[in-house]
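For reference, the structure discussed in these notes is given below.
Right, dumping it as structure tokens:
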């Protein structure tokens, strides 16, 4: 029986037939691996997802964590899933061998972890944050910090978080007020509060390693004065044993519309609750150099952005597969040409509009999965940072928007059943609705794309996309036929996008250029996904069977139904429209 979490056939196609990840084993870092080890970890994660993560997805949604003023209670199945994943040594699957890691390619690790996200995004959040936390400290932490915090996280004893936002600052990190006062012993004492911190209080692990942004008094203003600190829930002794409670207090839990199974917290630092009579402040350890916290944190933030994008893909994908299954099994209505009401009903998958909704979902989720894995492969190759930089906001935001739309269509395919709790798709939609906000809203990603990535290093990143896309267009041109026709359309859209981008910045009216940055992000994303579909179309060239025919048809759908939407968006951008700028608050 085929899984309704993800399509293993699609993953194999993307990994081995398109991206050819087997070739990565020729690189020294991955030389100990083979096709068998890659398929083995995919098999293992699929099995863990089905056995430990999927079964409690609805239960953790219905019974979210509770706080009685002293202790947070999480359903036991979450801890069981954590321990199963940790026991399989998967927390370190992408880490260096010297840390006990398996040094798997990021492409394979991301594909494998997608099974976990599709099964239970909330529980997978504890894992994703811990892995990203460990990766940051492994790169920027001291040897002592790695021994005290990273190794226990990779062993599954500790979990990790990222503590950035504050109530009064939101996403404007320049306005955070949490402060870190230095002490003579080289440690710091932190005072302040953090909001919307996922996974920062629970009893799943022995300890929780919080990575906290704070300002050292006397530092530069704004983001240039922000430093990064390790602030554990419990202090850790030199021998690695867990010691006394640090002065980190849970002020309360936030209650979200989705992903309810992972705690979302308000943390207070330095209230003196756990060290009455002692020196006030939460003990923190500086990561790297003072005032470079944002630089370090972007290591984790960018990894988390790609992780959020993949999580959105996973939810969109499982919703799509479940709606396909439902459409095959649900008889209703007759063909429009059937005049006799006594004729048998047909499965709704036979109806044109249901096919449209299923094709739209397929084009969104399979296109987005391709982009997510393409970005992971860029990480593995490590030779085109410009391209990875500019694709990161797209890989986060596009799936968060359009795989959410896939979830909406999955509900629609189910009809009235779709918005009932008896079926999974309503929860998938609620869970996925958080991803357009997690790790930066569409607005933040669009400013990053248009305001920074497009212009950075003299437009190097934009040229990197153009060069990679042009190579695909050229390959399709050599292939001829339908592939060449799709390539011509893609190239025309890309050239128009570049021309509009040049005109926007050449106008000198930066305010107007940036006013519709979200429109730019969406148009850019659609062109990128069209590129991903042309890549898949070429990978399927000359191959026969339902799977490949389905790939080709989904590519056609995206080019005929979705890519044309870019035209009016580029027209709007080219006009430097000021409607939003000229709107006055009093007119609302």
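Residue numbers (UniProt numbering): 1 to 588.
Don't be surprised by glycine CBs; every beta carbon is placed ideally from N, CA and C.
If you're wondering where the values come from, they're calculated on a predicted model, not measured in any experiment.
How many Å lie between residue i and residue j at the Cα?
{"i": "residue 214", "j": "residue 150", "result": "21 Å"}
{"i": "residue 375", "j": "residue 32", "result": "23 Å"}
{"i": "residue 329", "j": "residue 319", "result": "15 Å"}
{"i": "residue 114", "j": "residue 107", "result": "11 Å"}
{"i": "residue 381", "j": "residue 9", "result": "24 Å"}
{"i": "residue 403", "j": "residue 5", "result": "14 Å"}
{"i": "residue 324", "j": "residue 358", "result": "7 Å"}
{"i": "residue 593", "j": "residue 552", "result": "The first residue shown for the chain is 1 and the last is 588, placing residue 593 beyond what the model contains."}
{"i": "residue 499", "j": "residue 333", "result": "49 Å"}
{"i": "residue 110", "j": "residue 581", "result": "40 Å"}
{"i": "residue 445", "j": "residue 394", "result": "8 Å"}
{"i": "residue 83", "j": "residue 46", "result": "16 Å"}
{"i": "residue 384", "j": "residue 460", "result": "10 Å"}
{"i": "residue 386", "j": "residue 442", "result": "21 Å"}
{"i": "residue 95", "j": "residue 137", "result": "12 Å"}
{"i": "residue 77", "j": "residue 249", "result": "25 Å"}
{"i": "residue 456", "j": "residue 155", "result": "39 Å"}
{"i": "residue 97", "j": "residue 30", "result": "10 Å"}
{"i": "residue 172", "j": "residue 299", "result": "18 Å"}
{"i": "residue 322", "j": "residue 477", "result": "37 Å"}
{"i": "residue 629", "j": "residue 124", "result": "Nothing about residue 629 can be reported from this structure: the residues present for the chain run from 1 to 588 only."}
{"i": "residue 434", "j": "residue 368", "result": "17 Å"}
{"i": "residue 365", "j": "residue 272", "result": "48 Å"}
{"i": "residue 414", "j": "residue 209", "result": "42 Å"}
{"i": "residue 474", "j": "residue 15", "result": "22 Å"}
{"i": "residue 420", "j": "residue 482", "result": "42 Å"}
{"i": "residue 158", "j": "residue 462", "result": "40 Å"}
{"i": "residue 211", "j": "residue 141", "result": "11 Å"}
{"i": "residue 557", "j": "residue 534", "result": "12 Å"}
{"i": "residue 235", "j": "residue 264", "result": "22 Å"}
{"i": "residue 487", "j": "residue 306", "result": "27 Å"}
{"i": "residue 3", "j": "residue 198", "result": "29 Å"}
{"i": "residue 436", "j": "residue 399", "result": "9 Å"}
{"i": "residue 135", "j": "residue 423", "result": "37 Å"}
{"i": "residue 290", "j": "residue 232", "result": "19 Å"}
{"i": "residue 389", "j": "residue 50", "result": "34 Å"}
{"i": "residue 152", "j": "residue 145", "result": "11 Å"}
{"i": "residue 297", "j": "residue 127", "result": "18 Å"}
Which one or two residues does DSSP pair with residue i in a beta bridge?
{"i": "residue 230", "result": "211 and 285"}
{"i": "residue 181", "result": "189"}
{"i": "residue 265", "result": "197 and 253"}
{"i": "residue 73", "result": "66"}
{"i": "residue 159", "result": "208"}
{"i": "residue 245", "result": "234"}
{"i": "residue 331", "result": "347"}
To the nearest whole angstrom, what separates the beta carbons of residue i and residue j, a pair I think is in contact under 8 Å?
{"i": "residue 194", "j": "residue 174", "result": "Actually they are not in contact, since the Cβ atoms of residue 194 and residue 174 sit about 16 Å apart, beyond 8 Å."}
{"i": "residue 179", "j": "residue 217", "result": "6 Å"}
{"i": "residue 288", "j": "residue 228", "result": "7 Å"}
{"i": "residue 513", "j": "residue 524", "result": "The pair is not a contact, with the Cβ atoms about 14 Å apart (cut-off 8 Å)."}
{"i": "residue 44", "j": "residue 88", "result": "6 Å"}
{"i": "residue 121", "j": "residue 259", "result": "6 Å"}
{"i": "residue 270", "j": "residue 282", "result": "5 Å"}
{"i": "residue 361", "j": "residue 304", "result": "So it is not a contact: roughly 25 Å between Cβ atoms."}
{"i": "residue 130", "j": "residue 160", "result": "4 Å"}
{"i": "residue 187", "j": "residue 285", "result": "6 Å"}
{"i": "residue 105", "j": "residue 253", "result": "That belief does not hold up - the Cβ atoms of residue 105 and residue 253 are roughly 37 Å apart, past 8 Å."}
{"i": "residue 117", "j": "residue 311", "result": "5 Å"}
Item checked: Given 8 Å, three or more beta-carbon pairs between the region 444-451 and the region 274-282 -> Contact fails: fewer than three Cβ-Cβ distances are below 8 Å.
Note to self: Report the start-end ranges of each beta strand (DSSP E) in the UniProt domain "Acetyl-CoA dehydrogenase-like C-terminal" (469-583) that is 3 residues or longer and not cut off at the edges.
What the structure shows: Segments of the beta strand (DSSP E) lying fully in the UniProt domain "Acetyl-CoA dehydrogenase-like C-terminal" (469-583): there are none.
Notebook entry, point to check: Would you call the region 567-581 and the region 518-535 touching, i.e. three or more CB-CB distances under 8 Å?
Noted result: yes
Note to self: With a threshold of 8 Å, are at least 3 pairs of Cβ atoms found where one atom belongs to the region 426-436 and the other to the region 334-348?
What the structure shows: no
Notebook entry, point to check: How do the region 455-474 and the region 486-497 stand: do at least 3 beta-carbon pairs fall below 8 Å, yes or no?
Noted result: Cβ pair count under 8 Å is three or more, so yes.
Next item on the list: State whether the region 13-29 contacts the region 50-59, with contact taken as three or more CB pairs (one from each stretch) at a distance under 8 Å.
Entry: Contact check between the region 13-29 and the region 50-59: fewer than three CB pairs, one atom from each, fall below 8 Å, which does not count as touching.
Item checked: Continuous alpha helix (DSSP H) assignments of at least 4 residues falling wholly in the region 408-461 -> 425-432 and 442-446
Next item on the list: Ignoring anything shorter than 4 residues or poking outside the region 21-105, list the alpha helix (DSSP H) runs there in chain order.
Entry: Complete alpha helix (DSSP H) runs here, min 4: 35-48, 57-62 and 76-87.
Check: Which ranges does the beta strand (DSSP E) cover as unbroken runs of at least 3 residues, wholly within the region 335-386, from first to last along the chain?
Finding: none
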